[in-house]
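Everything on this sheet refers to the single structure shown next.
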Amino acid sequence: MSADSNDRIVTAARWLYRETYEFDDMVYKSGSNRDYMIALMEVAGADGILSEAERQWIVGFGAALDELQTYQPKGMDELLKVFHVESGHPFAKHSVLALIYDGFRGAGADQELHSKEVEAIYALGKTLGVTEEQIKQLHEVYTEEVQLRRKRLDIIFPRGTKNAPAEIDSVY
2 MSADSNDRIV TAARWLYRET YEFDDMVYKS GSNRDYMIAL MEVAGADGIL
52 SEAERQWIVG FGAALDELQT YQPKGMDELL KVFHVESGHP FAKHSVLALI
102 YDGFRGAGAD QELHSKEVEA IYALGKTLGV TEEQIKQLHE VYTEEVQLRR
152 KRLDIIFPRG TKNAPAEIDS VY
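In my numbering, the protein residues as written are 2 to 173.
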């Protein structure tokens, strides 16, 4: 990977951390980012299928970690060591709730949050030491954000978004 490419990844990761979590000057570490993104793939694949839309959402969110392009869910056992609230791992202390929230976002990236995925997210949260009330609150926030996004897009694009990119590209 070129230095320029690596700089862009670091810049994108810092923007993402600041935009999503209000973390300023977050140091990009590929290992922690990798673990987080693999955990999201496990959640999204909990219904037995990691759809291409789910994979692409997570890959995009993961700022282009190459191994995510072909990753297949294997189970959460190894990642529990990192994310369980009692593991003592700083990543768990500061990001277990974000993992649950982003689990909803990743699993719903194919426009359908399957009941098996929701069950898996609740089970994962409980396994990681998150309360059911916290998981429920995050699920509600996710649902409200999906509805708000749909409302925003309906207002901005009253003719729909399906053909907009092609029509715009056709004049450039």
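The beta-carbon is built from N, C-alpha and C at its ideal position, and this holds for glycine as well.
Alpha-carbon spacing of residue 125 relative to residue 94, whole angstroms: By 1-based counting over the sequence shown, the position of residue 125 is 124. By 1-based counting over the sequence shown, the position of residue 94 is 93. When rounded, the separation of the alpha-carbon atoms in residue 125 and residue 94 is 15 Å.
Runs of 4 residues minimum, wholly inside the segment 82 to 145: which ones carry the alpha helix (DSSP H) assignment? The qualifying runs are 91 to 108 and 116 to 128.
Distance between beta carbons of residue 108 and residue 45, contact taken as under 8 Å: The count along the sequence shown starts at 1 and reaches residue 45 at position 44. The count along the sequence shown starts at 1 and reaches residue 108 at position 107. 4 Å between Cβ atoms; contact.
Could you work out which residue in 71, 48, 169 and 82 is closest to residue 104 when comparing CA atoms only? To locate residue 104, count along the sequence shown from 1; it is residue 103. Checked all of 71, 48, 169 and 82; the closest Cα to residue 104 is 48.
Spatial distance of residue 169 from residue 161 (CA atoms): Your numbering for residue 169 matches position 168 in the sequence shown. Your numbering for residue 161 matches position 160 in the sequence shown. If I take the Cα positions, the gap works out to 13 Å.
Within 8 Å: the Cβ of residue 59 and any heavy atom of the ligand GTP? Here there are no bound small molecules, and the ligand GTP is not part of this structure.
Measure from the alpha carbon of residue 52 to the alpha carbon of each residue in 113, 96, 147 and 120, then state which is nearest. Sequence index remark: in the sequence shown, residue 52 carries index 51 (1-based). Considering only 113, 96, 147 and 120, the residue with the shortest C-alpha distance to residue 52 is 113.
Considering only C-alpha positions, which residue in the set 163, 84 and 12 is nearest to residue 41? By one-based count along the sequence shown, residue 41 stands at place 40. Measuring from the Cα of residue 41, the nearest candidate turns out to be 84.
Among 117, 96 and 128, whose alpha-carbon lies nearest the alpha-carbon of residue 38? Taking the first residue of the sequence shown as position 1, residue 38 is located at position 37. Selection 117, 96 and 128 evaluated against residue 38 yields 96 as nearest (Cα-Cα).
How about residue 143 and residue 133: do their beta carbons lie closer than 9 Å? Position 142 of the sequence shown holds residue 143. Position 132 of the sequence shown holds residue 133. No, the pair does not count as a contact, with Cβ atoms beyond the cut-off.
Alpha carbons only, please: which of 90, 118, 63 and 43 is nearest the one belonging to residue 78? For the purposes of this step, residue 78 is identified with residue 77 of the sequence shown, where counting begins at 1. For residue 78, the closest C-alpha among the options 90, 118, 63 and 43 is that of 43.
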